[in-house]
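In this note's numbering, the protein residues as written are 1108 to 1265.
All residues carry an ideal CB built from backbone N, CA and C; glycine is no exception.
Here's what the structure looks like:
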């Protein structure tokens, strides 16, 4: 591996996500066919996006980083879910819904994915689909509603 990859990966493990992105981008620019570099860069962008949104309250920057992560790995459940959460938190329920639907598709046995989807359906006013998603979530985990209530029903609190 090249030095940029190693530095980027070290920064990723140290939770220095901006530095990780910097070095992993440099590595990816040298060899964009390396699966490990692409995967680590996707993770670094996702974690940087999560950090921007949750710790800094910078929703626009969070969405940008999450979109960059998604471009590198379009089937990453965590990134797709966070895009749903970020759009919902920003009040863009119509944009959030497809992400929650895709998260459900990527993790169909996840009660959390179904429960977050039912919340998204409620927010856009589709109460029939919300009830169906809630029933599916409760079939997987009968205690799911109580778990989310304990978290304050905020999907970002996962």
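For residue i, the three-state DSSP class (helix, strand or coil)
{"i": "residue 1163", "result": "coil"}
{"i": "residue 1110", "result": "helix"}
{"i": "residue 1132", "result": "helix"}
{"i": "residue 1232", "result": "coil"}
{"i": "residue 1143", "result": "helix"}
{"i": "residue 1199", "result": "coil"}
{"i": "residue 1254", "result": "helix"}
{"i": "residue 1194", "result": "helix"}
{"i": "residue 1215", "result": "coil"}
{"i": "residue 1261", "result": "With a pLDDT of 49 at residue 1261, under the threshold of 50, the modelled position of this residue cannot be trusted, and the question is left open."}
Spatial distance of residue i from residue j (CA atoms)
{"i": "residue 1253", "j": "residue 1140", "result": "45 Å"}
{"i": "residue 1173", "j": "residue 1157", "result": "8 Å"}
{"i": "residue 1183", "j": "residue 1213", "result": "8 Å"}
{"i": "residue 1113", "j": "residue 1119", "result": "10 Å"}
{"i": "residue 1138", "j": "residue 1163", "result": "32 Å"}
{"i": "residue 1167", "j": "residue 1161", "result": "12 Å"}
{"i": "residue 1225", "j": "residue 1117", "result": "38 Å"}
{"i": "residue 1223", "j": "residue 1205", "result": "12 Å"}
{"i": "residue 1202", "j": "residue 1255", "result": "22 Å"}
{"i": "residue 1233", "j": "residue 1248", "result": "22 Å"}
{"i": "residue 1155", "j": "residue 1228", "result": "28 Å"}
Distance between beta carbons of residue j and residue i, contact taken as under 8 Å
{"i": "residue 1195", "j": "residue 1236", "result": "The pair is not a contact, with the Cβ atoms about 16 Å apart (cut-off 8 Å)."}
{"i": "residue 1151", "j": "residue 1169", "result": "Actually they are not in contact, since the Cβ atoms of residue 1151 and residue 1169 sit about 14 Å apart, beyond 8 Å."}
{"i": "residue 1149", "j": "residue 1179", "result": "4 Å"}
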